[in-house]
Amino acid sequence: MGYYLADGIYPKWAIIVQTIREPSDRKKAHFEKMQEAYRKNVEREFGILQARFAIIKGPARFWDQEDLYYIMQKCVILHNMIIEHQHDKEDDEATGLLHERPLNIS
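Taking the numbering used here, the leading residue of the sequence shown gets 649, the next gets one more, and so forth.
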């Protein structure tokens, strides 16, 4: 079973790990800081995916769970391929390599 990182607006369920409001020691303060950082990263990443892929912009409450899994998996894979392609293109431009089509001289 997995856990969900959430802030205080979600119900207190066993699978939801909420932020510690007022940490009482250094260990809890560190946990709170790290959890908040990871939660913000995930929110930012979902925002990037939602901006890129319209299929995940809207509500998905009544979608089949398996369909959701495959949609998200494919969106992440496509996103990573786009990023990799952009990096390759930037590297080629930085080194002066251009991948032009050969001219057909006949």
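Each residue gets a CB set at the ideal place from its N, CA and C atoms; glycine is no exception.
These figures come from a predicted structure and were not determined experimentally.
For residue i, three-class secondary structure by DSSP
{"i": "Tyr651", "result": "coil"}
{"i": "Ile663", "result": "coil"}
{"i": "Arg692", "result": "helix"}
{"i": "Glu670", "result": "coil"}
{"i": "Asp712", "result": "coil"}
{"i": "Ile657", "result": "coil"}
{"i": "Phe701", "result": "coil"}
{"i": "Ser754", "result": "For Ser754, the predicted structure reports a pLDDT of 49, less than 50, and the residue's modelled location is therefore unreliable. The matter cannot be settled from this model."}
Nearest residue (CA-CA) to residue i, options the options
{"i": "Ile719", "options": "Ile730, Gln698, Gln734, His735", "result": "Gln698"}
{"i": "Val665", "options": "Leu726, Ala708, Tyr652, Trp711", "result": "Tyr652"}
{"i": "Asp655", "options": "Arg687, Lys675, Asp673", "result": "Arg687"}
Cβ pair residue i, residue j closer than 7 Å
{"i": "Phe701", "j": "Cys723", "result": "yes"}
{"i": "Glu684", "j": "Thr667", "result": "yes"}
{"i": "Ala662", "j": "Pro671", "result": "no"}
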